[in-house]
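Residue numbers (this note's numbering): 2 to 282.
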């Protein structure tokens, strides 16, 4: 380990130990580092038939494919959800992250949708999944604000998929308007924010208020510039305005932030798995 890396590890360790509050911001890079990758062997091992039929190259771009029928659409999405939400257990990286902060006042805001924070032990009352969750269905047109657990239905879809199609009788229909359903993901203006979503938002705002001008660590985990207004920019802004704050950023490709926050930022481009274990020891 080079001297600079060791110094940043030691500095982060002290800052976290002395913090009164820790706000975690989880992005796609965190789950990728945990092994929940959307391309490569993990993709080809589970989606060979869809690759052959549609020419898919990864799980991200295939999610935007304009399927011709609902039977086609749900065959793909059921397997996507099954793999990422239900078949993937708790990952070591998320467990290490929980162990690192569990004895501190903490909160999580995440754009990830596969429930890894909750699986690792974080209380649901301390998590704001702002972009949705793979585990729920909603009316495609958002005609009402109720979400529906999909685990049992997804399992049936996967089991009964033939030639990348599900049986018509498994296609979900909105119980209110009778229209088609969608996964509860923020992909358009019809994204449903139910009462639990609003409660989580209130808890997040309450945490921000309680930690304002306190000794707080903003820990940004694998957040890029896809939706920087949710985590990256607010974390930078709050760090700038709080003289007692420190921003710890883990980002392989985009570690640089505001020049004004440079003296209050500890940035890592190294592997998160190794870094968390070193910080914990």
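Glycine residues also receive a C-beta, built at the ideal position from the N, C-alpha and C atoms. None of the values given here were measured: they were computed from a predicted structure.
How should residue i be labelled, buried or exposed, when 16 other C-beta atoms within 10 angstroms of its C-beta is the threshold for buried?
i           : result
residue 8   : exposed
residue 199 : exposed
residue 85  : buried
residue 28  : buried
residue 174 : exposed
residue 140 : buried
residue 257 : exposed
residue 45  : exposed
residue 70  : exposed
residue 249 : buried
residue 1   : Limits of the chain in this structure are 2 at one end and 282 at the other, which puts residue 1 out of reach.
residue 151 : buried
residue 80  : buried
residue 233 : buried
residue 17  : buried
residue 118 : buried
residue 110 : buried
residue 191 : exposed
residue 242 : exposed
residue 276 : buried
residue 108 : buried
residue 218 : buried
Who are residue i's beta bridge partners in DSSP?
i           : result
residue 182 : 140
residue 166 : 163
residue 107 : 23
residue 157 : Note: residue 157 sits in no beta bridge, so no partner.
residue 177 : Residue 177 pairs with nothing; no bridge assigned.
residue 266 : 248
residue 10  : Answer is none; residue 10 lacks a bridge partner.
residue 133 : 186
residue 191 : None, per the DSSP bridge assignment.
residue 283 : Nothing about residue 283 can be reported from this structure: the residues present for the chain run from 2 to 282 only.
For residue i and residue j, I'd like the C-alpha separation in whole angstroms.
i           : j           : result
residue 122 : residue 97  : 10 Å
residue 201 : residue 130 : 8 Å
residue 21  : residue 244 : 14 Å
residue 25  : residue 180 : 37 Å
residue 68  : residue 266 : 44 Å
residue 149 : residue 213 : 36 Å
residue 154 : residue 169 : 13 Å
residue 54  : residue 134 : 27 Å
residue 184 : residue 73  : 14 Å
residue 142 : residue 62  : 22 Å
residue 83  : residue 264 : 43 Å
residue 42  : residue 51  : 14 Å
residue 59  : residue 5   : 36 Å
residue 178 : residue 246 : 48 Å
residue 193 : residue 11  : 43 Å
residue 206 : residue 128 : 12 Å
residue 92  : residue 220 : 19 Å
residue 269 : residue 90  : 26 Å
residue 271 : residue 144 : 45 Å
residue 15  : residue 124 : 25 Å
residue 105 : residue 23  : 7 Å
residue 195 : residue 116 : 17 Å
What residue range does the alpha helix (DSSP H) around residue i cover?
i           : result
residue 282 : From DSSP, residue 282 is part of no alpha helix (DSSP H); its letter is neither H nor E.
residue 202 : 196-212
Span of the beta strand (DSSP E) holding residue i?
i           : result
residue 228 : Neither: residue 228 is in no beta strand (DSSP E) and is coded neither H nor E.
residue 219 : 217-222
residue 128 : 128-130
Alpha helix (DSSP H) runs wholly inside the segment 33-117, at least 4 long, in chain order: 42-47, 49-55, 60-63, 71-82 and 93-102
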